[in-house]
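Count along the sequence shown from 1, then add 4; that gives the number in my numbering. Even for Gly, the Cβ is constructed at its ideal location relative to N, Cα and C.
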Amino acid sequence: MRRFFTEPQNISGNTANIFEDSKHIEKVLRMKCGDEILIFDGTGYEYTARLTAIEKNLCKAEILKKEISLSEPKTKITLFQGLPKSGKMELIVQKAVELGVMRVVPVMMERCVTKIANAAAGAEKAKRWNKVSVEAAKQCGRGLVPEVLAPVTFEKAIEMLAGIQLPLMPYEVLGHEGRCDLKGVLGDNPDATEFGILVGPEGGFSDEEAAFAIEHGIRAVGLGKRILRTETVASALIPVIMYDRGEL
């Protein structure tokens, strides 16, 4: 059964209005009134519905059944991603959503090649990334759509991480005295259900950033003997955490 997204405010009583996918429903899928579809609203609910009207910019559907989505993990992961070069952030968001993160926070760091000129530019970037999040959630069957924030400063990211149960920082400097064994950290915190992952940009963390993070309680961990690209790190670490917590 085809699955579509609509904002919660587009659902009223037993009627759901679908706007963004209306053209796709009519022109590409060539669906007809009476066809049954699945709808999710990004807040954890799914609806079995029947199409009742198909127009150019709007499709209406009668809700037949409302259910709580069972696809969401109990483990809550927030990804703090150092801004990568243009285009990579979309891939990072897409894969992070598929793997089960709850939120993505882009972070401006010293060695970021991509620069955000002002708040308006950051908001525009976030708008694009949130569209990627919606599409990824739709494709992989999630009930929630993870939010992608506008880029924040490194200091703000550390402040946010301080409020998370187990904040981790994959750190590529071999033999760094502040770095911990990932397996050991997870084993020492068996009851942790909330994680933060801080990933550096292409150039990695500066020495000052790494020291600042460690001083503020962020656990630096290794991901093996090889150095991973920034767009690979989250896709490597998230499944490890999910598997360790019994989510895979």
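Report the rounded CA-to-CA distance for residue i versus residue j, giving the unit in angstroms.
| i | j | result |
| --- | --- | --- |
| E11 | M35 | 21 Å |
| I245 | L190 | 8 Å |
| E251 | T79 | 8 Å |
| A161 | F84 | 7 Å |
| L103 | S239 | 8 Å |
| G200 | T56 | 43 Å |
| N193 | M5 | 40 Å |
| I72 | G145 | 12 Å |
| K70 | I41 | 12 Å |
| I58 | K64 | 7 Å |
| K187 | D248 | 9 Å |
Throw me the rounded Cβ distance for the residue i and residue j pair, which I believe falls under 8 Å.
| i | j | result |
| --- | --- | --- |
| P155 | M112 | 5 Å |
So what does DSSP say about residue i, is it helix, strand or coil?
| i | result |
| --- | --- |
| P77 | coil |
| A217 | helix |
| P171 | strand |
Can you find the residues in the same chain that come closer than 7 Å, C-beta to C-beta, to residue i, ignoring five residues on each side of it along the sequence?
| i | result |
| --- | --- |
| L95 | E235 |
Under 8 Å Cβ to Cβ from residue i, same chain only, skipping five residues before and after it: list those, please.
| i | result |
| --- | --- |
| K142 | R7, F8, F9, F44 |
| N61 | F23, S26, K27 |
Within the same chain, show all residues whose beta-carbon is closer than 6 Å to that of residue i, passing over the 5 residues directly before and after it, in chain order.
| i | result |
| --- | --- |
| R107 | T82, P150, E151 |
| A140 | Q98, V101, E102 |
| E198 | K80, I168, Q169 |
May I ask you to verify whether the stretch 162 to 171 touches the stretch 118 to 130, counting CB pairs closer than 8 Å and requiring at least 3? no
Within 8 Å, do at least three Cβ pairs link the stretch 208 to 215 to the stretch 113 to 121? yes
Just checking, does the stretch 38 to 57 make contact with the stretch 11 to 20 on the three C-beta pairs under 8 Å criterion? yes
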